[in-house]
Amino acid sequence: MIRLALKMLFGDRGKYLLLVSGLTFSTLLMTQFPSVFCGLMTWTYANMFNSRSHIWVMDPKAEQSLDSKPLRDTDVNRVRSVAGVAWAAPYFQGTLQARMPDGNFKLVTLVGLDATTLAGAPALLLQGSLDELRLPNTIITDEFGLDRFSEGQRNPDGSPRRIGIGDTIEINDREARIVGVAKTRRSFTGGPFVFTTYDRAVLYAPQQRKMLTFILAAGEPGLSDEEVCRRIAAETGLRALTEEEFRWSTIWWYVRNTGIPFAIGSIVLIGAIVGMLIAAQTFHAFVLENLRNFAALKAMGASNGRLTAMLAVQSLTTGLIGYGIGAGVASVVLRFFVRLGKVGVYTPWQLPVAVLGVILLISGFSALLGIIRVTRTEPAIVFR
Amino acid sequence: MPDPLPPSRPAITVRQLDKSFGEGDARIDVLKRVDFSACEGEMMFLVGPSGCGKTTLLSIIAGTLAGDAGEIDVLGQSLPRLTRAEVTAFRARYIGFVFQQFNLIPTLTVLENVAVPLLIQGAPMRTALARAQESLARVGIPEKVREHPGRLSGGQQQRVAIARALVHEPRVIICDEPTASLDRENGQRVMALLRDVARDPRRCVVVVTHDPRTYPFADRMSEMEDGRILRVLQTPAEIGAAHTEKL
Ligand SMILES: Nc1ncnc2c1ncn2[C@@H]1O[C@H](COP(=O)(O)OP(=O)(O)OP(=O)(O)O)[C@@H](O)[C@H]1O
Ligand SMILES: [Mg+2]
Chain A
1 MIRLALKMLF GDRGKYLLLV SGLTFSTLLM TQFPSVFCGL MTWTYANMFN
51 SRSHIWVMDP KAEQSLDSKP LRDTDVNRVR SVAGVAWAAP YFQGTLQARM
101 PDGNFKLVTL VGLDATTLAG APALLLQGSL DELRLPNTII TDEFGLDRFS
151 EGQRNPDGSP RRIGIGDTIE INDREARIVG VAKTRRSFTG GPFVFTTYDR
201 AVLYAPQQRK MLTFILAAGE PGLSDEEVCR RIAAETGLRA LTEEEFRWST
251 IWWYVRNTGI PFAIGSIVLI GAIVGMLIAA QTFHAFVLEN LRNFAALKAM
301 GASNGRLTAM LAVQSLTTGL IGYGIGAGVA SVVLRFFVRL GKVGVYTPWQ
351 LPVAVLGVIL LISGFSALLG IIRVTRTEPA IVFR
Chain B
1 MPDPLPPSRP AITVRQLDKS FGEGDARIDV LKRVDFSACE GEMMFLVGPS
51 GCGKTTLLSI IAGTLAGDAG EIDVLGQSLP RLTRAEVTAF RARYIGFVFQ
101 QFNLIPTLTV LENVAVPLLI QGAPMRTALA RAQESLARVG IPEKVREHPG
151 RLSGGQQQRV AIARALVHEP RVIICDEPTA SLDRENGQRV MALLRDVARD
201 PRRCVVVVTH DPRTYPFADR MSEMEDGRIL RVLQTPAEIG AAHTEKL
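The listed protein sequences correspond, in order, to chains A and B. Position 303, counted from 1, in the first sequence is what this note's numbering calls 303; the numbers after and before it change by one each time, with no gaps. Position 225, counted from 1, in the second sequence is what this note's numbering calls 225; the numbers after and before it change by one each time, with no gaps.
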C-alpha cells in the first residue's frame, strides 16, 4: 500500500513538482539567509579567532569585541596580581588608516600584542616568522592585507606589483615592514588585520589618553576560567569574560543593537510561510483530487489507519525530497558565496536540523489536513 | 432421475430495514421496512425508478453505509453488531465492488489497480501482482496491464474493475449500474462476464441496473419503488415478461 501511495503521488507529476518546489524554496530561504547571518556574526568576533585567549578583560561597560572603551596601562598589573591569574598581557585593537607607498590610504584593523610573550598572536602563519615581530618597525598582516596593499601598486616598468614579505608600508608616517602573513578570519569592519607589538601599535595609532583595549589573561592550572574571571572582576572592578562568554556577549550585542537579525528573521519567516502555504495548499488539492480514489479504497476495505499511513508517507516523502533538494541547492549557492568572498557564511549544524524540523512540521500539517478530510469521507460516495 | 439441486443458502438477508437522511422537515425516508434476500450461486438484480433507494440499499448491504433499524445479515454475519473497524475488515475480505464510474485510480497501472484489494488485505506486492495478472486474464485483458486505465476504453476499464472485484475471491459482489457508462455491446459483454462469475455456487452477485436489455442475465429480480420492495420475480418467464414490458 505504501508503494501504491508513492505511485499515486508521483503519478500526478505537475502537482508533485509544485509540492516539492514549494518545500525546496522554503528550505533554501530558511538555510541560506541564516547561514549568511551566522557568517556575518562570526565576523563580529573575528579577533577571538585570530587571537586566542582563555580570558578577556575589558572596561566594565564594554560588551562586544569591537568596543573601544580603553583601560589604563596599569590595569594589566592589577589583573596580574589577582590570585589565580597565571599571566596577563596587554592587547591593543583599533581601526585606522594605513598609508601605502603610493600615498593612498587603506583601512586596517591594527592589533598590538605584548612584546615579550606575543600573547594573542595568530596561530597560523602562512609566510614569515612570528619572532621577527620583535625586530624594529615590523608587522604581520594577512592575505587580505596583501591584496589590499597591492591594489594600484606598479613596478618601475608599469606592471602590477604584488606587495609581500619585506615590503614596507607606512602607518601614520611610521615605517612598517611586513615580516609575516597570517591566516585570519575577516573582521566585521572590513579591513585586513595588521599585527605588531603593543608598544609599536600605540605609536602607529593616533595618540589618546588611554590606549589599552583589552587585557588577555589565563588562570593557574586547576582553576576554571569562570572562577578566575569572577576573581578578576571582584578585585579589579573590570569586566572579565571567558572566550566563550565574550563571543556570545558580542553576538547578542549585534542581535540587540542592529536590524540584521530582524531583517534575516523576516525573510526566514516569509520563506517558512510561503513554503507552508504552497505545500499545504498543493497537498490539499492533491487530496481533494484523489478524494474519490481514497473513498474507493475505503469502500474496498482500507481502514482509516491505512489511509492515514498512506497520506503521511505521501506528505513526508515530498517533505524530505523538497528538503534534500533545497539543502543541496543551498549548499551550492553558499559555496558560491564563499568563493565570492563578499559575505560570510557559517552554517552551524543546528540550522539544517531546525530547517528539517520546520519542513517536517509543514509536511505533517499538510498530511493532517488531508487525513482529517479523508477519514471524514463516507466510502458510500463512490456509488454516486 | 438426477437429484434436485440442493436449496441454495441465503448470502444476504435484509429484514425491516429503515433508512432516512436529514432531520426534521428536511428528513426523507429512503428505505421503508425493506425485506430483501439474495442467495449463494445466484445473480440477483435490483431494479426500480431513479431515486427509489437502490444505491442506498446496496451501500447498506456492502457496509459502506449504516442502516437506521432492521436486520442486515451478510454471509451469516450481522453487520449492525459489528464495529466500524470490523465492518471495514469484513468488506475487505468478503465483498467485491463494481461501480458505475469504474473508480480505477488513474495514476496506477491497470495491474496495480487490480492488485489493490489484495494489498489492502496485506498481501505482499509480488503475490498481489501475480494474482492480479490471473484475474485480468480471466476478464480477457491479459495485455495492456502496464498501461494506465485512462488509455483503455470504457468497456475495457469496466472489465478491469471486474478483475479488481474478483481478485481476492470475495463471496459477495456488489455492482451498481455496471453497464450505465457503456455502450450496448460492451454492456452485454460485461454482463456476460458477471453472469459467469455468479456461476460459482459459493458466490452471490447483486446488480443494480436501469437497463432492461440486461434483464435476461438475471436469476431473480427484486423490483423496488419508493423505498419498498414491490415484488421479487422468481422465474425466467416472469423476468422475460418484465423485460418485454420495459422495452
Ligand atoms: N447521503 C444522502 N443524503 C441525503 N439524501 C440522500 C443521500 N443519499 C441518497 N439520498 C436520497 O435518497 C434517495 C434515494 O437515493 P438512491 O441513490 O438510493 O436512489 P437510486 O435508486 O440509487 O437512484 P438512481 O437510480 O438515480 O441511482 C434520493 O432521493 C436521494 O436524493
Ligand atoms: Mg443509484
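Glycine included, every Cβ here is placed at the ideal spot set by N, Cα and C.
- Closer than 7 Å: residues whose CB approaches a heavy atom of ligand 2: Listed along the chain, these residues meet the criterion: A:Phe-383, B:Lys-54, B:Thr-55, B:Asp-176, B:Glu-177 and B:Val-208.
- Throw me the rounded Cβ distance for the Pro-259 of chain B and Gln-157 of chain B pair, which I believe falls under 8 Å. The structure shown does not extend to residue 259 of chain B, since chain B spans only 1 to 247, so no value can be given for it.
- Message: Assuming contact is defined by CB atoms lying nearer than 8 Å, are Ala-62 of chain B and Arg-93 of chain B in contact in what I supplied?
- Response: Here residue 62 of chain B corresponds to residue number 62 of the second sequence, with the count starting at 1. Here residue 93 of chain B corresponds to residue number 93 of the second sequence, with the count starting at 1. Ala-62 of chain B is not a Cβ neighbour of Arg-93 of chain B, given a cutoff of 8 Å.
- For the alpha helix (DSSP H) that Tyr-94 of chain B lies in, which residues bound it at each end? Counted from its first residue, the second sequence places residue 94 of chain B at position 94. From DSSP, the alpha helix (DSSP H) with Tyr-94 of chain B extends over 84 to 94.
- Neighbourhood of Leu-104 of chain B by C-beta distance below 7 Å, restricted to the same chain and skipping five residues each side: Numbered from its first residue, the second sequence carries residue 104 of chain B at position 104. Answer for Leu-104 of chain B: Asn-113, Pro-149, Gln-157, Val-160 and Ala-161, listed in chain order.
- Query: Of all the CB atoms in chain B, is at least one closer than 8 Å to the CB of Ala-302 of chain A?
  - Reply: Within the first sequence, the letter at position 302 stands for residue 302 of chain A. Output row for Ala-302 of chain A: interface = yes.
- Query: If you measure from the beta carbon of Leu-288 of chain A to each beta carbon in chain B, is any gap under 8 Å?
  - Reply: Locating residue 288 of chain A in the first sequence gives position 288, counting from the first residue. Leu-288 of chain A is outside the set of residues whose beta carbon lies under 8 Å from a beta carbon in chain B.
- Rounded straight-line distance, which links the Cα of Arg-164 of chain B to that of Val-34 of chain B: Numbered from its first residue, the second sequence carries residue 34 of chain B at position 34. Numbered from its first residue, the second sequence carries residue 164 of chain B at position 164. Cα-Cα distance, rounded: 30 Å.
- Task: Find the residues of chain A that neighbour Ile-120 of chain B, judging by a C-beta separation of less than 8 Å, and give them in chain order.
- Result: The residue given as residue 120 of chain B occupies position 120 in the second sequence. Within chain A, the C-beta atoms nearer than 8 Å to that of Ile-120 of chain B come from Met-1, Leu-297, Met-300, Gly-301, Ala-302 and Arg-306, in chain order.
- Task: For the beta strand (DSSP E) containing Leu-204 of chain B, list its first residue and its last residue.
- Result: Residue numbering aside, residue 204 of chain B sits at position 204 when the second sequence is read from its first letter. Rather than Leu, the amino acid found at residue 204 of chain B in this sequence is Cys. Counted as a single uninterrupted DSSP element, the beta strand (DSSP E) harbouring Cys-204 of chain B occupies residues 204 to 208.
- Query: Between the stretch 86 to 96 of chain A and the stretch 107 to 115 of chain A, are three or more C-beta pairs nearer than 8 Å?
  - Reply: Touching, per the Cβ criterion.
- Message: Please list, in chain order, the chain A residues whose beta carbon lies closer than 8 Å to that of Phe-21 of chain B.
- Response: By one-based count along the second sequence, residue 21 of chain B stands at place 21. At a C-beta separation below 8 Å, Phe-21 of chain B has no neighbours in chain A, since its nearest C-beta there lies roughly 11 Å away.
- Message: So with CB distances below 7 Å, who are the chain A contacts of Phe-97 of chain B?
- Response: Within the second sequence, residue 97 of chain B is the residue found at index 97, counting from 1. Per Cβ cutoff of 7 Å: Ala-299 and Met-300.
- Quick one: is Arg-199 of chain B buried, meaning 16 or more other Cβ sit within 10 Å of its Cβ, or exposed? Working through the second sequence from its first residue, we reach residue 199 of chain B at position 199. It is exposed - the Cβ of Arg-199 of chain B has fewer than 16 other Cβ atoms within 10 Å.
- Excluding five sequence neighbours on each side, which residues of the same chain lie with their C-beta closer than 7 Å to the C-beta of Ala-128 of chain B? Your numbering for residue 128 of chain B matches position 128 in the second sequence. Only Ala-115, Leu-118 and Leu-119 meet the Cβ criterion.
- Let me know the beta strand (DSSP E) ranges lying completely inside the stretch 193 to 245 of chain B, each 3 residues or longer, listed in chain order. Within the stretch 193 to 245 of chain B, the complete beta strand (DSSP E) runs of at least 3 residues are 204 to 208, 220 to 225 and 228 to 233.
- Tell me the start and end of each unbroken alpha helix (DSSP H) in the stretch 294 to 370 of chain A that is at least 4 residues and wholly inside, in chain order. Entirely contained in the stretch 294 to 370 of chain A, the alpha helix (DSSP H) runs reaching 4 residues are, in chain order, 304 to 340.
- Going by DSSP, name the residue or residues bridged to Ala-217 of chain A. Locating residue 217 of chain A in the first sequence gives position 217, counting from the first residue. According to DSSP, which records beta bridges pairwise, Ala-217 of chain A is partnered with A:Ile-55 and A:Ala-88.
- Message: I need the boundaries of the beta strand (DSSP E) containing Val-181 of chain A, first residue and last residue.
- Response: Residue numbering aside, residue 181 of chain A sits at position 181 when the first sequence is read from its first letter. Segment 174 to 182, the beta strand (DSSP E) holding Val-181 of chain A.
- Within this structure, are the beta carbons of Arg-78 of chain A and Lys-210 of chain A separated by less than 8 Å? The residue you call residue 78 of chain A lines up with position 78 of the first sequence. The residue you call residue 210 of chain A lines up with position 210 of the first sequence. Contact: no.
- Would you list the residues sitting across from Pro-160 of chain A in a DSSP beta bridge? Residue 160 of chain A sits at position 160 when you count from the first residue of the first sequence. Paired residue(s): A:Arg-154.
- Residues of the stretch 7 to 20 of chain A with Cβ closer than 7 Å to any Cβ of chain B, in chain order: Listed by position along the chain: Lys-7, Met-8, Gly-11 and Asp-12.
- Task: Check whether the Cβ of Ser-135 of chain B lies closer than 7 Å to any heavy atom of ligand 1, and answer yes or no.
- Result: In the second sequence, counting from the first residue as 1, residue 135 of chain B sits at position 135. Checking the Cβ of Ser-135 of chain B against ligand 1 gives no.
- Should Ile-264 of chain A and Phe-37 of chain A be called a contact, given that it needs their Cβ atoms to be closer than 8 Å? Translated into positions along the first sequence, residue 264 of chain A becomes position 264. Translated into positions along the first sequence, residue 37 of chain A becomes position 37. Less than 8 Å separates the beta-carbon of Ile-264 of chain A from that of Phe-37 of chain A.
- Going by Cα to Cα distance, which pick from A:Leu-130, A:Tyr-45 and A:Leu-133 is closest to Glu-244 of chain A? As a first step, residue 244 of chain A must be located in the first sequence, where it is residue number 244. The residue with the shortest Cα to Cα distance from Glu-244 of chain A is A:Tyr-45.
- Any Cβ of chain E within less than 8 Å of the Cβ of Asn-293 of chain A? The chain inventory of the structure shown lacks chain E, comprising the protein chains A and B.
- Task: Could you have a look at Pro-117 of chain B and say whether DSSP puts it in helix, strand or coil?
- Result: As a working note, residue 117 of chain B is residue 117 in the second sequence. In the structure shown, Pro-117 of chain B sits in a helix (DSSP, three-state: H, G or I).
- Message: Closest to Asp-59 of chain A by C-alpha separation, out of A:Leu-216, A:Val-181, A:Asp-147 and A:Leu-124, would be which residue?
- Response: Against the first sequence, residue 59 of chain A aligns to sequence position 59. Closest option to Asp-59 of chain A, Cα to Cα, is A:Leu-216.
- Item | Which of helix, strand or coil DSSP assigns to Met-100 of chain A | The residue you call residue 100 of chain A lines up with position 100 of the first sequence. Coil at Met-100 of chain A, not helix or strand.
- Would you call Ser-159 of chain A buried or exposed, if buried means 16 or more other Cβ atoms sit within 10 Å of its Cβ? Position 159 of the first sequence holds residue 159 of chain A. With a 10 Å radius around the Cβ and a threshold of 16 neighbouring Cβ atoms, Ser-159 of chain A comes out exposed.
- Query: Does the beta carbon of Gly-22 of chain B fall short of 7 Å from some heavy atom of ligand 1?
  - Reply: Within the second sequence, residue 22 of chain B is the residue found at index 22, counting from 1. Under cutoff, so the answer is yes.
- Message: Going by C-alpha to C-alpha distance, which of B:Asn-186, B:Arg-146, B:Asp-176 and B:His-168 sits closest to Ser-153 of chain B?
- Response: Here residue 153 of chain B refers to the residue found at position 153 of the second sequence. Comparing alpha-carbon positions, the option among B:Asn-186, B:Arg-146, B:Asp-176 and B:His-168 lying closest to Ser-153 of chain B turns out to be B:Asn-186.
- Excluding sequence positions up to five away, which residues of its chain have a Cβ less than 6 Å from the Cβ of Val-207 of chain B? Start at 1 with the first residue of the second sequence, and residue 207 of chain B comes out as number 207. Apart from the 5 residues on each side of it in sequence, Val-207 of chain B sits with its Cβ closer than 6 Å to the Cβ of Phe-45 and Cys-175 in its chain, given in chain order.
- Message: Let me check you understand the geometry: is the CB of Ser-50 of chain B closer than 7 Å to at least one non-hydrogen atom of ligand 1?
- Response: Looking up residue 50 of chain B in the second sequence gives position 50. With a threshold of 7 Å, the Cβ atom of Ser-50 of chain B counts as near ligand 1, since some heavy atom of the ligand is closer than that.
- Task: Report buried or exposed for Ala-242 of chain B, applying the criterion of at least 16 other Cβ atoms within 10 angstroms of its Cβ.
- Result: The residue given as residue 242 of chain B occupies position 242 in the second sequence. Under this definition Ala-242 of chain B is a buried residue.
- Message: List, in chain order, every chain A residue whose beta-carbon is nearer than 7 Å to that of Asn-103 of chain B.
- Response: Taking the second sequence and counting its residues from 1, the one referred to as residue 103 of chain B is at position 103. Residues of chain A whose Cβ lies closer than 7 Å to the Cβ of Asn-103 of chain B are, in chain order, Arg-292, Ala-296 and Val-382.
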